[in-house]
């Protein structure tokens, strides 16, 4: 355990034991990178799949609690999940409140393994461009077409629905607008209005 991790945990023995239990479970999954930030300690493979943070509600939480956050492709149905949110379709973020090292049991280890595989697959899918399961071809997009919902831009942007416009010249809408304005000015000039 590094000094940065100890500083993050505040030297609290309960948090240290809890963190070591989570770290042991993550290490058993395979290759990953540990990253310490101001508000969290996270693991990547190369995408973020798990993180530990101090739970919210400073006045009501126990001193040794940690919040384990996992990214999964589907919602977990378990009373142990403190909160689950779907930031975008096909990506569920689960917050699991841990109070004792024994709580890092078979269920939590299975969920960590699912998150590890989900992040690994997600990284592989997006390095190759648009994935076939998202309804769009891999590689370069045809100009002037709508990319299906949940498409992914070739530059690696967020999942969204967007228009891949033409690079050269104005859009057809602008051309129509310019033609209608020219017609309006021609009618106005013909009527003698100045």
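Residue numbers (UniProt numbering): 1 to 194.
For every residue, glycine included, the Cβ atom is placed at its ideal position computed from N, Cα and C.
Since this is a predicted model, take the numbers as computed values, not measurements.
- In the DSSP assignment, residue 87 falls within the unbroken beta strand (DSSP E) covering 81-88.
- Per DSSP, the continuous alpha helix (DSSP H) segment holding residue 14 begins and ends at 13-27.
- DSSP places residue 63 in the coil class of the three-state scheme, outside both helix and strand.
- For residue 6, no beta strand (DSSP E) encloses it; the enclosing alpha helix (DSSP H) starts and ends at 3-9.
- Looking from the CA of residue 16, the closest CA among 47, 54, 74, 33 belongs to 54.
- Looking at the DSSP output, residue 111 shares a beta bridge with no other residue.
- Around the beta carbon of residue 88, fewer than 16 other beta carbons lie within 10 angstroms, which makes this residue exposed.
- Burial state of residue 63 is exposed, judged by a 10 Å Cβ sphere holding fewer than 16 other Cβ atoms.
- By the 16-neighbour rule on beta-carbons within 10 angstroms, residue 28 is exposed.
- For residue 53, the enclosing beta strand (DSSP E) has its first and last residue at 48-53.
- DSSP places residue 37 in the coil class of the three-state scheme, outside both helix and strand.
- Taking the Cα positions, residue 72 is about 18 Å away from residue 31.
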